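Read through the structure below, which is laid out as structure tokens, and then see the notes.
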Amino acid sequence: MGLRIYNTLTRQKEPFEPLTPGQVGMYACGITAYDLSHIGHARSALVFDVIRRYFEFNGYRVVFVRNFTDVDDKIIKRAEQEGGSVGEVSERYIAEFQKDMESLGVLPADVEPKATEYIPQMIALIERLLGRGFAYVVNGDVYFEVGRFPHYGRLSGKNLDELLAGARVEVDERKRDPHDFALWKSTKPGEPSWESPWGPGRPGWHIECSAMSMEHLGESFDIHGGGEDLIFPHHDCEIAQSEAATDKPFVRYWIHNGFVQIHQEKMSKSLGNFFTVRDIFEKSPYGVQVTAEALRYFLLTTHYRSPLDFSDDALWESKRALDRFYGLFQRLDESSGAKGPGDRLLPPLFERLGEAFRQAMDDDFNTPAAFAQLQLLRGELNRLLETGLSKQAREQAREAFRSLGQVLGLCQLSFREWEFGIMHQVHATDAVAAAVEDKVDVRVSKESLTDVEIEQKLAKRNEARRRKDFATADTIRAELASLGITIEDRPDGTSRWKR
RNA sequence: GGCGGCGUAGCCAAGUGGCUAAGGCAGAGGUCUGCAAAACCUUUAUUCCCGGGUUCGAGUCCCGGCGCCGCCUCCA
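In structure tokens, the structure reads:
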């Protein structure tokens, strides 16, 4: 059936047909680098990361561009506050963003252009617009004249009359229409500026994405996306500028992700109700990889276009769901020497659930439905494990999760890297609060025993169990439990353990 | 005021005209176990915010309510 994508432009799902067979050009609006990224930024980055991974999973050659806005009012303001230069501020927060994305397992884009490195392209584009009569110059500023572009507002479904009716914009007397937007802003004292045919200044926000995307992907390309708040005015302005300049359709598929909310309210800097990605990692009682996977899982349990309510409880619920996967991976790793009566059932199982997984992802990247297939596969394998699977079959099973999980960036760790402990008895939020309050690093206490020491204690315990000395056995188990180590006894008298 | 979206079990969340409404988390009972843990089995929505309508048939389409959210200004 093939991939179908919900296109904001047409407000319906459409079959995906790339401009060039086998290739995909996609551009995602990245961050304005003036502060640490919050979970909302992470969601957006993750959504496009997964979309990109899924295209690659399907064998497309993808060119993925994600930009950085490194000059704008907020960065300038921040630089004034911090006493640094605009370049220092933006460089710092770009580095922080990249650090956060690496923690989260969001792959770097193929190109990560910065606005200030594309000034010549922007100037060229503005000149084109001036030459074609879509823009005008006023005292060193250049504005795009929205009235000249017949479809302005098509993406957001707005028209100029409606916009005016609800206008909350300050009317700038120099503009011919209140909705005309700046392509080039003349410099003010103390601000960074570049030379241009209209005097020193800096680019408007919208023009940078048009210039950078066309530079790397061409005047028409497949996919452009970002948070849903960018639909208007940002993306409508991009369409207007780009198409006015080229007379070509700018983008074929517009993809927008929904917001992260806190208590049913938009998470945003201006509302002050945000959690940074850094907060999550710092407060987490788990290591980076485990926290990242829990956060990824959480952010993908809701379809990308729906709002997603963030809470600690919901995040750690995702962690618990992942525990079940890694518990299975641990069992799959054990060499029991079983013959494997269930082996022949595996190929059709992988076939069926793998196909269902692809169908889910094909349906506008329906990650929640795709998760359901992985969970079904988990259940089936747990059952088959009881009937018996050969070592080879178990390796294939693990590989199936690795392969499908690759698309979502999940299930890639070894079970020894996963951390099961700590949250089993204690409520997640309490544990986090306790850890923060007591300044106790929970991870330290969990790692206070080496694998060898654990094995030694287990050997002592199982020796006691053989003597039916259950008091001693239970004492050892309690001791390990207090260190965040869980014991699971096997039927044959041996035991496995989890951190 | 204009535009758009959402309302499915205790919680999270798929499903957009047709077999018995996915899946997860949490809960309950059971199997296994010395006891646990894990896993497995059973169990949790005669019903999809409310009221009409279209249809042989609707959670799914239409109309009208109610509630919530977003955009219209920088914003992922």
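Numbering-wise (our numbering), the first sequence opens with residue 31 and increments by one. Where a beta carbon is used, it is the ideal one built from N, C-alpha and C, also for glycine. Remember, predicted model here, so these are calculated numbers, not experimental data.
Please identify the residue among D100, S348, E175 and I253 whose C-alpha is closest to the C-alpha of P143. D100
Runs of beta strand (DSSP E) lying entirely within the segment 107 to 169, each at least 3 residues, in chain order: 165 to 168
If distances are taken between C-alpha atoms only, which option among Q360, P377, V307 and R335 comes closest to L345? V307
Here's the rule: buried if 16 or more other CB atoms are within 10 angstroms of the residue's CB, otherwise exposed. What is T62? buried
Measure the C-alpha to C-alpha separation of L510 and R428 and round it to an integer number of angstroms. 28 Å
Whose CA, out of I106, R354, H254 and A494, lies closest to the CA of N412? The shortest C-alpha separation from N412 is found at R354.
Can you tell me where the beta strand (DSSP E) holding D252 begins and where it ends? F251 to G257
Can you look up R526 in the DSSP assignment and give me helix, strand or coil? strand
Do the segment 276 to 293 and the segment 168 to 176 meet, that is, are 3 or more Cβ pairs less than 8 Å apart? Segments in contact, no.
Per DSSP, which residues does T306 bridge with? Please list them. Note: T306 is bridge-paired with H68 in the DSSP secondary-structure output.
Give me, in chain order, the residues of the same chain whose beta-carbon lies closer than 6 Å to that of L49; leave out the 5 immediate sequence neighbours on both sides. D252
Starting from G55, follow its DSSP beta bridges and name the residues at the other end. Partner(s): V93.
What is the C-beta distance between D342 and R34, in whole angstroms, given that I count them as a contact (C-beta under 8 Å)? Wrong, their Cβ atoms sit about 35 Å apart, outside the cutoff.
Quick check: the segment 394 to 407 against the segment 360 to 376, are at least 3 beta-carbon pairs closer than 8 Å? Counting Cβ pairs under 8 Å, fewer than three are found: no touch.
What is the C-beta distance between G439 and D79, in whole angstroms, given that I count them as a contact (C-beta under 8 Å)? Their Cβ separation, rounded to whole angstroms, is 7 Å, which keeps G439 and D79 in contact under 8 Å.
On the DSSP letters alone, give me the boundaries of the alpha helix (DSSP H) that R520 sits inside. That residue, R520, is in no alpha helix (DSSP H); it is neither H nor E in DSSP.
Below 8 Å on the Cβ atoms is my contact criterion, and I expect L247 with Y57 to pass it. Report the Cβ-Cβ distance as a whole number of Å. 6 Å
Can you tell me which residues form a DSSP beta bridge with K43? Y36
Where does W228 sit, in a helix, a strand or coil, going by DSSP? coil
Per DSSP, the bridge partner or partners of Q291: As computed with DSSP, Q291 is found in a beta bridge with K296 and D339.
Which residues mark the beginning and the end of the beta strand (DSSP E) in which V172 is found? Bounds of the beta strand (DSSP E) holding V172 are D171 to F174.
If I measure Cβ to Cβ from L406 and keep anything under 7 Å in the same chain, skipping five residues before and after, which residues do I get? L383
Alpha-carbon spacing of L443 relative to E273, whole angstroms: Whole-angstrom Cα-Cα distance: 46 Å.
Based on Cα-Cα distance, which residue from T505, R326, R82 and E157 lies nearest to C441? R326
Terminal residues of the continuous beta strand (DSSP E) containing F211? F211 to S216
Give the DSSP-derived three-state secondary structure of F78 in the structure shown. Looking at F78 - three-state DSSP - the assignment turns out to be helix.
May I have the straight-line CA-CA distance separating G161 from E126, to the nearest angstrom? 40 Å
Skipping 5 residues on each side, what residues in its chain have a beta carbon closer than 8 Å to that of A109? S115, V116, E118 and V119
Is the segment 142 to 158 close to the segment 233 to 241, with three or more CB pairs under 8 Å? yes
For F98, which residues does DSSP report across the bridge? K144
Would you mind sorting V290 into buried or exposed? The rule is 16 or more other CB atoms within 10 Å of its CB. buried
Burial state of V318, where buried means 16 or more other Cβ atoms lie within 10 Å: Taking all protein chains in view, the Cβ of V318 is surrounded by fewer than 16 other Cβ atoms within 10 Å, so the residue is classified as exposed.
Out of P138, D499 and A489, point me to the one whose CA is closest to W527's CA. A489
Classify A508: buried if its beta carbon has 16 or more other beta carbons within 10 angstroms, exposed otherwise. Classification for A508: exposed.
Cα-Cα separation between K369 and L415, rounded to whole angstroms: 11 Å
H333 and T38 - do their beta-carbons sit closer together than 8 Å? no
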